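Numbering (mature numbering (1 follows the signal peptide of the UniProt record, and there is no 0)), first residue to last: -24 to -1, 1 to 294.
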């Protein structure tokens, strides 16, 4: 009986000793219990990136905010305006990490490598307007960082369709390639061609519902670009709201904007240096038959109502 008890005690001691020999794995910086593996990897990469900082203390960071769309909504203008803030570091090009499989398959290390060098106090921002309408993107962004702040800039859906077509049209013109008229895309068999991709991109309620499956509305700041282009025609009040949403100190001033009469919209003044958007921005839309425009407005009437109900506010759209 004694020998049996002794054997049990000896086994318990050996078990404890064995457990103590197993090294504990430290949690990645910022990782929390139950956090998705991609988020853990993101936290680890952030720590590694900071350890490998440049001599001036700067390093590449994964973005804390992303401009997710919409295409032809003014995302470049918004990014340029945000770049005026000293606490913002912006990726220059559209990264297409979450929507292009050839990029996403390379992992977060590749994504981190596309980011600008920034100081520890700076906010890193990237913009890829195709994210908003890509079905896989919301879940992927959430897996990286559930607490990320998202910026969505919208405009009248009909105007966005025309601008979408205009961009592709001029791309073909520059390459000396023919391109069909917008009527050929918008009309099929005498009816509005609902299969036209540009129309689908303007069904905002469909795409936002996908994002709201992963992010609460308070994490998404909607910048309205209604008829009259408030962000372009009167940008300062709009950018002030973005500063507050991102919890940035109010550093961008009205003096950072000046109206360029030649271009017909506001340009930026940054430390005595003036810069305007590329000449490809603000191109005139094609002339469209008013009856076809009315069809567009009618088509978007119900989808717009659903979108207004989704966000709890209305916009000055047709």
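We treat Cβ as the ideally placed atom computed from N, Cα and C, and that holds for glycine. These figures come from a predicted structure and were not determined experimentally.
Does the separation of the CB atoms of residue 168 and residue 48 fall below 9 Å?
-> Contact: no.
If residue 103 sits next to residue 78, beta carbons under 8 Å apart, how far is it from one beta carbon to the other, in whole angstroms?
-> Contact flag wrong, Cβ pair sits at about 20 Å.
Name the DSSP bridge partner or partners of residue 36?
-> As DSSP reads the structure, residue 36 sits in a beta bridge with 93.
Which whole-angstrom value describes the C-beta separation of residue 291 and residue 200, a residue pair presumed to lie in contact below a C-beta threshold of 8 Å?
-> Correct: roughly 5 Å between the Cβ atoms.
Top-ranked residue by Cα proximity to residue 249, from 52, 60 and 15 | Checking every option, the nearest Cα to that of residue 249 belongs to 60.
When you compare only the Cα positions, how much space is there between residue 64 and residue 20?
-> In this structure, the alpha-carbon of residue 64 lies about 22 Å from that of residue 20.
Does DSSP put residue 87 in a helix, a strand or coil?
-> Taken through DSSP and simplified to helix, strand or coil, residue 87 comes out as helix.
Using three-state DSSP, classify residue 52 as helix, strand or coil.
-> In the structure shown, residue 52 sits in a helix (DSSP, three-state: H, G or I).
Using the Cα positions of residue 18 and residue 126, report the straight-line distance between them to the nearest angstrom.
-> When rounded, the distance between both Cα atoms is 17 Å.
Report the rounded CA-to-CA distance for residue 210 versus residue 242, giving the unit in angstroms.
-> So the two alpha carbons sit approximately 8 Å from each other.
What is the DSSP secondary structure of residue 276, reduced to helix, strand or coil?
-> Shown here, residue 276 sits in a helix according to DSSP, grouped into three states.
Roughly how many angstroms separate the alpha carbons of residue 278 and residue 244, rounded to a whole number?
-> Going by the C-alpha atoms only, they are around 37 Å apart.
Specify whether the stretch 138 to 147 and the stretch 261 to 268 touch according to this definition: at least 3 beta carbon pairs, one from each stretch, less than 8 Å apart.
-> Contact check between the stretch 138 to 147 and the stretch 261 to 268: three or more CB pairs, one atom from each, fall below 8 Å, which counts as touching.
To the nearest angstrom, how far is it from the Cα of residue 217 to the Cα of residue 171?
-> One C-alpha to the other measures close to 36 Å.
The alpha helix (DSSP H) spanning residue 238 covers which residue range?
-> Note, residue 238: premise wrong, no alpha helix (DSSP H); not H, not E.
Inspect the beta-carbon positions of residue 128 and residue 145 and report whether they are closer than 9 Å.
-> No, the pair does not count as a contact, with Cβ atoms beyond the cut-off.
Would DSSP call residue 265 helix, strand or coil?
-> Residue 265 falls in the coil class under three-state DSSP.
Roughly how many whole angstroms lie between the Cα atoms of residue 231 and residue 251?
-> Answer to the nearest angstrom: the Cα atoms are 13 Å apart.
One or two residues paired with residue 103 in a DSSP bridge | In DSSP, residue 103 forms a bridge with 43.
What is the rounded straight-line gap between the Cα of residue 83 and the Cα of residue 117?
-> Their backbone Cα atoms lie some 12 Å apart in a straight line.
Secondary structure at residue 230, three-state DSSP: helix, strand or coil?
-> Note: residue 230 maps to helix in three-state DSSP.
What is the DSSP secondary structure of residue 127, reduced to helix, strand or coil?
-> If DSSP states are grouped into helix, strand and coil, residue 127 belongs with the strands.
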